[in-house]
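Read left to right, the sequence shown gives residues 688 to 772 (this note's numbering).
Using N, Cα and C, we set each Cβ at its ideal position, and we do this for glycine too.
What follows is a short report on a single structure.
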Amino acid sequence: MQQEEYSNLWNFICAYLPNYYSRDDVLRSDILRRYIDDEYVVESDLQWIDECFGSDKSAVTKALIVLEKGLVSEALENYYSTIIL
688 MQQEEYSNLW
698 NFICAYLPNY
708 YSRDDVLRSD
718 ILRRYIDDEY
728 VVESDLQWID
738 ECFGSDKSAV
748 TKALIVLEKG
758 LVSEALENYY
768 STIIL
């Protein structure tokens, strides 16, 4: 997925996911994405990743996909509820 498309996806999630700014699953997604992209991740989050996935980026990627699919699904349901009701 191109960066612009990914940003558009997250703009949608941000707009329609209930309690976006206070959700742990959104934070976990950000942490996992930064880890996959070799960006800075604080030590305590690296420990969490190591405990859950070891150093297997493939496992982290799979977990991120599952997590983000859930976020998109919930945002989409909320979007439809706002236009239908």
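Pull up the CB-CB distance for Y703 and Y766, whole angstroms please, since I reckon it's below 8 Å.
-> That belief holds up - the Cβ atoms of Y703 and Y766 are roughly 4 Å apart, short of 8 Å.
Does the Cβ of S716 have 16 or more other Cβ atoms within 10 Å, making it buried, or fewer, making it exposed?
-> By the neighbour-count rule (16 or more Cβ atoms within 10 Å), S716 is buried.
Are L719 and L763 close, meaning C-beta to C-beta below 7 Å?
-> In this structure, L719 sits away from L763, with a CB-CB distance that is not shorter than 7 Å.
Hey, I736 and Y722: beta-carbon distance below 7 Å or not?
-> Closer than 7 Å, so yes.
Let me know the secondary structure DSSP gives G741 once reduced to three states.
-> Looking at G741 - three-state DSSP - the assignment turns out to be coil, as it is neither helix nor strand.
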